[in-house]
Structure formats: C-alpha cells, structure tokens
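Visitor:
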C-alpha cells in the first residue's frame, strides 16, 4: 500500500529530482519508482472523480476555462447579440480553415460553441483539487421562441460539421465522430453530418470491419436523405466494393485453411500410421 501525499505534486519537480531519488530506496524499491506509482494512482483516482467530464467531447471540455471575452458574450441579454458574437468567431474559424491554420480554426469554432453549450465549474479551489463532477454543470442555451430555436439549430449543425472537418484535418477522428453525433442529434436530416461521420470512421489506418459497417450505414443514410449527394454515393459504391473484395479474400483464406487441414487428416496421418506399423514389424 502506498500512502499518497495530500498535496499537489509538481511534475517538473519530479523530472528534476528523478536522478537524486533513484539513489534512495525503500525496502529495495527506488523512491522514484514509488513516486511514479503514487502519481499514477492519484491520476486514476482523479479520473474517477471526473468520469462525466472525461466522457464529454474535447471541444466541450475546453469550455470549462472561458476567456473574459467569452464570459462577457455569455452575459449579453439579447439572443441576437450573443448569436452575432458566436457567428463572428465561426467566420474567423472559417477563414483560418481556408488558410490551412487548422489549430486556430479549431479554437475559433470551440469558442463559438462555448456561447451556447459549455461546462461551468463552481469549485473555487479547482487548481488545487482538480476537476470534479460534483462541482460541474453542463449548460445548454435554451432559445426563447421558435424563430430563435430554428436559427440556433441551423447554426449549431453547421458549427459541429466544421468542428468535424477541422478535427479530421488534425487526425482527431474520435472528436470528428463526436461532433457529427452532436449535429445528428439536432438534425437527423442533415446528409452532410452522416457523410462526415462515415469519413471520420474510415479515416484511421487501423479502422476495423466494424468501423466499415458503421460507415456503410452512415453513407446509406446520407444518400437516402439526399440522393444528389454525389460524394456520398461514390464513397458508398467504393466501400461496398472494398468490403465485398475483403470478404472474398477472407473466404478464400479460410477455404485454404480447411483444405490444408484435410491434407493433413488423410495423407500425413496415413503416413504416420504406416511408419508406426513398420517400427512394430522391425521390433
């Protein structure tokens, strides 16, 4: 059992002190090893206290530490004023994306989203205690009327799709899928969201057969919603051919295994029996 230190352990201090700590041991175990174990246990315990927060997409997690600009925009009384501020950040993100500045674009999109969906921390001692679910509240802006609701939903779907595109450019495919999930939750008739989610599922080099099947479902949905989506139709056709080809290869490979098994069962087994019979005759 390792007694954890009740105070914050600065990783920079550990890095500077590792060489010295290696010279100290407790019951034969270097002190630096014990400290490393303690930090890992502490990190695990902290993670358990923030499971809900850790389950949130990264583009929502980041809203827990808002800038003064964001706080001021959230406090605007008028929906129009708040919406205009969010639109400005979104347009800045679009400009950064077109210029290939994907990190900047992502930050702009996250800031725009943080005016309407964000996490509020009520623990004044968060720097020392870390993030804890019991002190967090996820806030989602509720429009006052139907027109505001329609305007906001259309804006958020586009914003989530942009977050997905930017995340894919940064090879963060998990965040891209989550952004599409959020868009589809708002509007299940947006063919672009399903198409982007399919792309995000297929993009990783280690994409599995399950990912391909899920992407197939998304592409079919995209084409069903919008039969004129040429990109989705092409990707669906290519994916079907790829899956069909892989299944044929798998079938041939398994058939080869069975054939090799039959050769062993007949020829090799008969040869072994004959060899044993001759040995007995020689005896």
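Residue numbers (our numbering): 1237 to 1519. We put the beta carbon where it would ideally sit given N, CA and C, even for glycine.
(1) At what residue ranges does the region 1267-1353 contain a whole run of the alpha helix (DSSP H), taking only runs of 4 or more?
(2) How about residue 1422 and residue 1459: are their beta carbons less than 8 Å apart?
(3) The alpha helix (DSSP H) with residue 1374 in it runs from where to where?
(4) State the Cα-Cα distance for the pair residue 1381 and residue 1319, rounded to the nearest angstrom.
(5) Given that a residue counts as buried once 16 or more other Cβ atoms are within 10 Å of its Cβ, and exposed if not, what is residue 1426?
(6) Under the three-state reduction of DSSP, which class applies to residue 1381: helix, strand or coil?
(7) Can you tell me the Cα-Cα spacing of residue 1336 and residue 1431, whole angstroms?
(8) How close, in whole Å, do the beta carbons of residue 1350 and residue 1302 come, if the pair is a contact with beta carbons under 8 Å?
(9) Within 10 Å of its beta-carbon, does residue 1454 have 16 or more other beta-carbons around it, so buried, or fewer, so exposed?
(10) With DSSP run on the structure shown, which of helix, strand or coil describes residue 1411?
(11) Of all the alpha helix (DSSP H) runs that stay within the bounds of the region 1408-1486, which reach a length of 4 or more residues?
(12) Tell me which same chain residues have a C-beta within less than 6 Å of the C-beta of residue 1353, skipping the five on either side of it?
(13) What did DSSP end up calling residue 1357 once you bin it into helix, strand or coil?
(14) Could you check whether residue 1396 and residue 1411 sit closer than 8 Å to each other, using their CB atoms as the reference points?
(15) In whole angstroms, what separates the C-alpha of residue 1277 from that of residue 1403?
(16) Beta-carbon within less than 6 Å of residue 1373's beta-carbon, same chain only, minus the 5 sequence neighbours each way: which residues are those?
(17) Look at the Cβ atom of residue 1406, then the Cβ atom of residue 1342, and state whether they are nearer than 8 Å.
(18) Under 8 Å between the Cβ atoms of residue 1471 and residue 1443?
(19) Quick check: the Cα distance between residue 1334 and residue 1486, rounded to an integer number of angstroms?
(20) Roughly how many angstroms lie between the CA atoms of residue 1462 and residue 1291, to the nearest whole one?
Guide: Well, looking at it:
(1) For the region 1267-1353, the continuous alpha helix (DSSP H) assignments of 4+ residues that do not extend past its boundaries occur at 1267-1285, 1287-1291, 1294-1297, 1304-1310, 1315-1334 and 1338-1349, in sequence order.
(2) The Cβ atoms of residue 1422 and residue 1459 lie no closer than 8 Å to each other.
(3) For residue 1374, no alpha helix (DSSP H) run applies; the uninterrupted beta strand (DSSP E) run containing it begins and ends at 1372-1376, by DSSP.
(4) Residue 1381 and residue 1319 have their C-alpha atoms some 14 Å from each other.
(5) Buried is the call here.
(6) Here residue 1381 sits in coil by DSSP.
(7) Per the coordinates, the alpha-carbon of residue 1336 lies some 22 Å from the alpha-carbon of residue 1431.
(8) Yes, they are in contact, since the Cβ atoms of residue 1350 and residue 1302 sit about 6 Å apart, within 8 Å.
(9) Buried.
(10) Judged by DSSP in its simplified three-state form, residue 1411 adopts helix.
(11) Entirely contained in the region 1408-1486, the alpha helix (DSSP H) runs reaching 4 residues are, in chain order, 1409-1422, 1427-1438 and 1445-1461.
(12) Around residue 1353: 1376.
(13) Correct three-state label for residue 1357: strand.
(14) No; because the gap between Cβ atoms is not below 8 Å, this pair is not in contact.
(15) Reliability of the predicted coordinates at residue 1277 is poor, the pLDDT of 48 falling under 50, and the value obtained from them is presented with this limitation in mind. Taking the Cα positions, residue 1277 is about 31 Å away from residue 1403.
(16) Excluding sequence neighbours, residue 1373 sits near 1356.
(17) The Cβ atoms of residue 1406 and residue 1342 sit closer than 8 Å to each other.
(18) No, Cβ-Cβ distance for residue 1471 and residue 1443 is not below 8 Å.
(19) Straight-line measurement puts the Cα of residue 1486 at about 42 Å from the Cα of residue 1334.
(20) The straight-line gap from Cα to Cα measures roughly 32 Å.
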